[in-house]
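Visitor:
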Amino acid sequence: MIKIDVGNPTVVARNIYQEGCRLLADGDYPAAIVTFSKALIIYPRNAIYYYKRAIAFQESGDLGNAIMDYSSAIKYFPDDVYSYSNRGLLYATIEEYEKAFNDFKIAIRIDPHEKKTYHYRALTFTHLGEDALALLDYTKAIELDGGDADIFYNRGLLYSDMGEHENAIDDFSKTIEVNNGDTDAYLRRAELYKKVGQQKQARADFDTAKGLMANKKTQPDLLEQLPS
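Just so we're aligned, residue 3 is where the sequence shown starts under this note's numbering, counting upward by one.
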């Protein structure tokens, strides 16, 4: 059992919460979970603490506990659009699609301008092969926030799978505009350039991707797969 000494509960809980956020940002998810749990001992009805611990559980791969914590966050703050969106994505991940779409529906009703919900629902539609519906949601998410590289990248993947190479190239280009260190976007665009006969552009993207991976000193298997 976790035990803590409480002086001024508000100050102590706030300090513990801030430490949990730091650990979460550093990627130390087990420690973050323990730390947010300490804060919840002091304030067991705090929706934010449950939400943050849910993220830590989610990032550590413990989807069951993440779903429970998002549910607790919603219990104590029924208008928490982010908990609904995140829980919806987790329900989709474990193939509980009816629950997922219900969460997305509620999230959109709470805040129809939150791009994350449309993005997550688009990912779910994509997984189910509902390409037209997925495109609508990706496009809506981009209308709400044209500076999110992940949304452009995922829509690019969908266009690529649909054989719409030029649209896919455009989206991977926009991904790179937002995040010019995205190795995957360069590789995806390079493959598409090859398919449409733009060998010079493909070569340039492969070279850029190779340089990025070499600088990061990661993914040597991918480096070996790049053309010399």
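Here a beta-carbon is modelled for each residue, glycine too, at the ideal position from N, C-alpha and C. Keep in mind the model is a prediction, meaning the values are calculated, not measured.
Along the chain, where does the alpha helix (DSSP H) that runs through Val83 open and close?
Guide: Looking at the DSSP string, the run of the alpha helix (DSSP H) that includes Val83 is 83 to 95.
Visitor: Ignore the nearest five residues each way along the sequence and tell me which others in Gly29's own chain have a CB closer than 8 Å to its CB.
Guide: The residues are Glu61.
Visitor: How would you label Asn217, buried or exposed, when you count the other beta carbons within 10 angstroms and need 16 or more for buried?
Guide: Answer is exposed; the Cβ neighbour count stays below 16.
Visitor: Could you tell me whether any non-hydrogen atom of the ligand HEM is closer than 7 Å to the CB of Lys202?
Guide: This structure does not include the ligand HEM; it has no bound ligands of any sort.
Visitor: Anyone know if the C-beta pair for Tyr52 and Ala34 falls short of 8 Å?
Guide: Against a cut-off of 8 Å, the Cβ pair of Ala34 and Tyr52 comes out as no contact.
Visitor: Assuming contact is defined by CB atoms lying nearer than 8 Å, are Asn88 and Tyr72 in contact in what I supplied?
Guide: The answer is yes: Cβ separation under 8 Å.
Visitor: Evaluate contact between the region 148 to 163 and the region 188 to 196, counting only Cβ atoms and requiring at least three cross-stretch pairs below 8 Å.
Guide: Result yes; three or more Cβ-Cβ pairs closer than 8 Å.
Visitor: Lys101 to Asp186, Cα distance in whole Å?
Guide: Distance between the alpha carbons of Lys101 and Asp186 is about 32 Å.
Visitor: Assign Asn67 to one of three DSSP states: helix, strand, or coil.
Guide: Here Asn67 sits in helix by DSSP.
Visitor: Taking the beta carbon of Ala27 as the centre, do at least 16 other beta carbons fall within 10 Å, making it buried, or is it exposed?
Guide: By the 10 Å Cβ count, Ala27 comes out exposed.
Visitor: Where does Asp172 fall in DSSP's three states?
Guide: Residue state, collapsed to three classes: helix.
Visitor: Which residue marks the beginning of the alpha helix (DSSP H) containing Leu146, and which one marks its end?
Guide: Where Leu146 is concerned, the enclosing alpha helix (DSSP H) stretches over 133 to 146.
Visitor: Ile44 and Val14 look like a contact to me (Cβ under 8 Å); what is the Cβ gap, rounded to whole Å?
Guide: The Cβ separation is near 6 Å, so the contact holds.
Visitor: Helix or strand or just coil, what does DSSP make of Ser231?
Guide: Given that the chain is displayed from residue 3 to residue 230, the structure contains no residue 231 and the question cannot be resolved.
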